[in-house]
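Numbering of the sequence shown is given in my numbering, commencing with residue 176 and proceeding in unit increments.
All C-beta atoms in this analysis are idealised placements derived from N, C-alpha and C, irrespective of residue type, glycine included.
Quick notes on the structure that follows.
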Amino acid sequence: MRNFDLSPLYRATVGFDQIADLMDRVLTNDVSRESYPPYNIEKIADDGWRISVAVAGFTEDELSVEVRENALVISAKKADEEERTYLHRGIATRAFERRFHLADHVRVTGASHEHGMLHIDLVREVPEALKPRRIEIAKSKDVERKAIEA
């Protein structure tokens, strides 16, 4: 894998730390480590997404979904169970923690567990103060009249 030095980016920019950190995380991420559990991310609306994680073998009590510091953290730990003898064990129920970094103003609206899938719904809610707004342009006669009245 190639190594990129992002230090010139840090020296030449101010306020872009999140972008540089994201690039650093992506470039240094070990792909083989991130294969369990499998998941899908689907766009369900213009500002809405659903993350579906395959969690076969886990109950709702063994799963945890948390949002902390702009990150969605999904974790699972199998409760202690009696010792079994398997002839073939193809369903992995090992503990895991999967992180998804959330953009600004993206929040989790709900989570559901059905048929071995954990579904987490997300939506982007931009505050009114950050939304674009239209400014009316006054006609020159109105401006002159207001100036005279003042």
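C-beta contact flag for residue i and residue j at 8 Å
{"i": "Lys253", "j": "Phe275", "result": "no"}
{"i": "Arg273", "j": "Val228", "result": "yes"}
{"i": "Arg264", "j": "Val281", "result": "no"}
Beta strand (DSSP E) segment containing residue i, residue limits
{"i": "Ala254", "result": "Run containing Ala254: none; DSSP gives neither H nor E here."}
{"i": "Tyr261", "result": "Looking at the DSSP string, Tyr261 is not in any beta strand (DSSP E), and its letter there is neither H nor E."}
{"i": "Tyr214", "result": "Tyr214 to Ala220"}
{"i": "Ala229", "result": "Gly223 to Ala229"}
Outcome for residue i when other beta-carbon atoms lying within 10 angstroms are tallied against a minimum of 16
{"i": "Leu197", "result": "exposed"}
{"i": "Leu262", "result": "exposed"}
{"i": "Ile226", "result": "buried"}
{"i": "Leu297", "result": "buried"}
{"i": "His251", "result": "Correcting the residue type first, residue 251 is Ala in the shown sequence and not His. Counting Cβ neighbours within 10 Å, Ala251 comes out buried, since at least 16 surround it."}
{"i": "Ile249", "result": "buried"}
{"i": "Val230", "result": "buried"}
{"i": "Val301", "result": "exposed"}
{"i": "Leu305", "result": "exposed"}
Any non-hydrogen atom of the ligand GDP closer than 7 Å to residue i Cβ
{"i": "Tyr261", "result": "The ligand GDP is absent from the structure shown, which contains no ligand whatsoever."}
Presumed contact (8 Å Cβ cut-off) between residue i and residue j, rounded CB distance
{"i": "His288", "j": "Glu237", "result": "About 10 Å; that fails the 8 Å criterion."}
If contact is defined by three or more beta carbon pairs under 8 Å, each pair taking one atom from either stretch, is the stretch 305-317 in contact with the stretch 237-245? Segments in contact, no.
Any 3 or more C-beta pairs closer than 8 Å across the stretch 290-304 and the stretch 255-262: no
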